[in-house]
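>
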């Protein structure tokens with residue numbers, strides 16, 4: 128009782144919020160909403176929009192790689208003069224395509240679209256809060272993201288083309304507007320957009336951390352948090368610590384570009400003329416960039432892993448295997464993510480001894496990652512598997528996490544990396560382990576929480592079609608790339624056929640391109656399913672997956688404030704699935720132990736006694752729904 | 017009174033203890049630390065490069081550092097006055113703090129002019145010079161934010177929103193201001209050692 132605090136008039140104040148919800152007009156309900164559920168949907172729809180753009184960019188450059196002789200004149204209406212008179216993509220625009228594909232997918236889809244959607248949607252619902260700590264900041268977070276999106280989108284259509292220096296924007300290429308057309312206005316817009324993006328991420332991250340720490344409902348201790356929340360929590364912390372560093376790096380780049388400083392520039396000759404800049408180091412940018420860049424990988428991946436933990440446990444009808452090991456491995460990954468950045472820089476001429484330290488640290492990440500994989504597999508093992516589309520996508524994630532993670536072990540070795548650096552092997556590696564895995568986590572999340580978001584079910588059959596096309600398609604696209612990479616073909620090159628060495632891979636590339644187009648087309652099945660189900664889907668029951676977490680105790684059509692009455696109190700961890708002796712195969716978190724004597728373990732019986740004591744001691748102060 | 021008795025509930029397991037706004041401020045300060053941490057570590061990397069030309073930091077920085085410490089002391093005095101509901105001294109101390117904050121900014125600007133006189137420029141080849149401008153400039157931007165914050169709280173004192181029962185704003189404002197002062201001292205020592 129030492130930490131008891133007094134709470135006054137909770138019910139009275141919440142009454143107001145409800146009345147508000149009914150007065151909402153179009154603008155305050157759909158556009159400038161401070162309701163975390165609506166903001167989450169805004170992030171989701173914007174993320175889907177960006178995923179389409181990012182995906183179509185990849186299809187365009189896959190056309191170039193797979194069919195180098197193809198006449199692309201039919202793209203002229205969209206790309207204009209970037210398609211030359213022979214119907215070929217301009218080589219500089221090819222670089223712009225690759226750059227924007229990377230930027231859009233990493234930041235706009237898998238950071239904002241994934242974290243923004245599910246952190247916003249699930250944090251208050253799963254910890255039992257009415258809304259985020261600051262609804263206003265949350266709204267600002269979305270609108271900064273929107274502003275950033277608009278600027279990035281506009282940059283796609285300017286005459287000199289969008290940024291083209293790769294999504295990592297290494298100087299000097301990105302620092303010198305003279306270097307290529309994309310380093311002019313396109314790069315400026317890229318930097319401006321990213322500044323707003325960073326602001327958005329920080330506003331969101333502050334809110335997520337603050338909400339999870341301060342606004343959990345009664346009984347929701349850290350060891351009773353669903354793994355989704357743990358994942359979002361650590362993701363937000365990683366973001367808060369790493370995005371300021373990207374800001375720092377970008378600011379120095381802005382100074383180099385426009386104010387004549389030389390932070391990243393030294394000894395550069397353009398067309399035989401020496402530039403005045405001396406004394407800087409492009410390696411400095413790489414250090415700063417990858418100090419964000421590597422944690423960014425986990426900002427993308429951890430939420431997907433969290434969603435998957437929840438979905439796999441629910442649909443295996445088994446408790447998650449090794450709950451605390453899962454938390455521990457996520458903590459380990461989060462910590463290690465900050466001290467491995469130089470493994471992206473093995474070939475920058477770094478001290479080999481330093482390289483071996485970073486190699487060791489990098490390979491240590493394999494341990495928590497393997498713990499997670501092991502726990503997923505053991506959760507699935509002998510479970511009563513329910514193959515919902517969400518479950519399939521989650522299993523797909525585990526598959527990608529394994530097959531992509533194994534190649535990570537190769538790349539983490541400094542000696543091997545020297546051969547494989549910046550080849551298609553790297554492309555295949557991160558597209559599987561980070562790109563596709565996180566994307567599958569996001570899709571799994573959409574399928575699983577769609578009933579909560581829109582009150583309707585998505586069509587499962589279309590979901591299965593979508594899953595199998597995408598799952599097989601992803602492997603068809605990225606598996607062959609390993610071979611191309613081992614053969615030594617570098618990424619971001621415009622053309623294979625110009626080099627005799629790589630002629631033999633032309634048909635393999637054609638295959639990859641066809642697979643990419645099929646995979647991309649399969650996403651329209653999802654799109655149709657998503658938008659059709661929003662309006663026409665089957666009405667969802669309150670708890671369609673028989674899940675334990677708190678969000679399913681809220682009404683299907685929850686207003687602002689989430690629960691009409693009191694927020695449920697939490698008595699147990701979220702993974703009581705298939706408990707021996709229990710009536711159902713799941714016991715939600717808000718059911719007290721005293722209500723389930725038939726399935727309690729001895730220690731839980733002790734806890735049940737304490738529950739009774741506190742309740743009688745306070746004369747109905749905690750009004751639990753144990754009567755239900 | 018029965019209804020009231022029902023509404024006052026003891027909630028033993030409720031973990032909330034910090035005001036969310038205060039907590040947000042601490043998180044924000046953590047991001048600021050990371051921002052400057054990035055530059056400080058960048059200096060360590062850049063120092064190893066050829067173009068690092070060291071120079072003498074202007075003496076006026078010692079004065080500005082003293083000023084920022086002094087301003088923190090006065091803000092702490094203001095905070096104590098607020099705690100004792102001594103509103104008139106609160107206003108005096110707040111004004112002194114703001115004045116010292118502005119004086120600090122002016123001093124920093126003066127240090128820049130001294131540097132320019134020493135031919136240490138923002139642009140150009142000397143990274144040691146450029147980094148000083150970037151770091152002190154960014155700190156200045158954060159400090160302007162702090163002064164705006166002080167002004168807001170100062171206006172609040174006239175609206176009787178700051179007193180012993182309502183110290184939240186004052187506490188947050190003081191936290192941020194002390195943080196900026198401490199941050200500058202760390203930056204100054206670091207730059208002094210490394211430039």
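Protein chains in written order, with our numbering: chain A, 128 to 755; chain B, 17 to 211. Ideal Cβ positions, reconstructed from N, Cα and C, are used throughout, including at glycine.
1. Using a 10 Å radius around the Cβ and a threshold of 16 neighbouring Cβ atoms, would you call residue 595 (chain A) buried or exposed?
2. Determine, using beta carbons only, whether residue 138 (chain B) comes closer than 8 Å to chain A.
3. Going by beta carbon distance, what residues of the same chain come within less than 6 Å of residue 78 (chain B), once the five residues before and after it are set aside?
4. Within 8 Å of any Cβ in chain B, is that where the Cβ of residue 540 (chain A) sits?
5. If distances are taken between C-alpha atoms only, which option among B:207, B:57, B:101 comes closest to residue 145 (chain B)?
6. Drop a sphere of 10 angstroms on the beta-carbon of residue 190 (chain B), count the other beta-carbons inside from all chains shown, and report buried for 16 or more, exposed for fewer.
7. Mind listing the chain A neighbours of residue 40 (chain B)? Cutoff is C-beta to C-beta under 9 Å, in chain order.
8. Looking at the structure shown, is residue 404 (chain A) part of a helix, part of a strand, or coil, going by DSSP?
9. By the 10 Å Cβ neighbour count, where 16 or more other Cβ atoms means buried, how is residue 309 (chain A) classified, buried or exposed?
10. What's the call for residue 481 (chain A), buried or exposed, on a 16-neighbour Cβ count within 10 Å?
11. Report back the beta-carbon spacing between residue 414 (chain A) and residue 474 (chain A) to the nearest angstrom; my notes put them in contact at under 8 Å.
12. State whether the region 601 to 617 of chain A contacts the region 159 to 169 of chain A, with contact taken as three or more CB pairs (one from each stretch) at a distance under 8 Å.
13. Which full runs of the alpha helix (DSSP H) of 4+ residues lie inside the region 479 to 544 of chain A, going along the chain?
14. Taking the alpha helix (DSSP H) that residue 151 (chain B) belongs to, which residues open and close that run?
15. Report the option in A:567, A:505, A:506 whose CA atom is closest to the CA atom of residue 521 (chain A).
16. Contact between the region 458 to 473 of chain A and the region 485 to 495 of chain A is defined here as three or more beta-carbon pairs at a separation below 8 Å; is this criterion met?
17. By Cβ distance, which residues of its chain are closer than 7 Å to residue 93 (chain B), with the 5 residues on each side in sequence left out?
18. List the residues that DSSP assigns as beta-bridge partners of residue 583 (chain A).
19. So residue 471 (chain A) contacts chain B; which residues on that side make the cut at Cβ distance below 9 Å?
20. Along the region 356 to 374 of chain A, what residues have a CB closer than 7 Å to any CB found in chain B?
21. Looking only at its own chain, which residues have a Cβ that is under 6 Å from the Cβ of residue 142 (chain B), when we skip the five neighbours before and after it?
22. Please state whether DSSP places residue 607 (chain A) in a helix, a strand or coil.
23. Is any beta-carbon of chain A found at less than 8 Å from that of residue 127 (chain B)?
24. Exposed or buried, residue 544 (chain A), counting other C-beta atoms within 10 Å across all chains shown (16 or more means buried)?
25. Does the separation of the CB atoms of residue 276 (chain A) and residue 177 (chain A) fall below 8 Å?
26. Return the bridge partner residues of residue 179 (chain B) from the DSSP annotation.
27. Please check the pair residue 316 (chain A) and residue 282 (chain A), which I expect to be a contact at CB under 8 Å, by giving their CB distance rounded to whole angstroms.
28. Please confirm whether residue 447 (chain A) and residue 702 (chain A) have their CB atoms less than 8 Å apart.
29. My output table needs one value for residue 137 (chain B): the three-state DSSP class, helix, strand or coil.
30. Check whether chain B comes within 8 Å of residue 387 (chain A), counting only Cβ atoms and requiring the distance to be less than that.
31. By DSSP, does residue 210 (chain A) sit in helix, in strand, or in coil?
32. Exposed or buried, what is residue 169 (chain A) when buried is set at 16 or more other beta-carbons lying within 10 Å of its beta-carbon?
33. Assuming contact is defined by CB atoms lying nearer than 8 Å, are residue 99 (chain B) and residue 183 (chain B) in contact in what I supplied?
34. Under the rule that 16 or more other beta-carbon atoms within 10 Å means buried, what is residue 716 (chain A), buried or exposed?
35. Interface residues of chain A around residue 61 (chain B) at Cβ under 9 Å?
The structure says:
1. exposed
2. yes
3. none
4. no
5. B:207
6. buried
7. 260, 261, 264, 333, 334, 336, 337
8. coil
9. buried
10. exposed
11. Wrong, their Cβ atoms sit about 14 Å apart, outside the cutoff.
12. no
13. 479 to 491, 493 to 507, 516 to 539
14. 143 to 174
15. A:567
16. yes
17. 109
18. A:666
19. Simply none; closest approach about 15 Å.
20. 367, 368, 371, 372, 374
21. 69
22. helix
23. no
24. buried
25. yes
26. B:182
27. 4 Å
28. yes
29. coil
30. yes
31. strand
32. buried
33. yes
34. buried
35. 408, 410, 411, 414, 415
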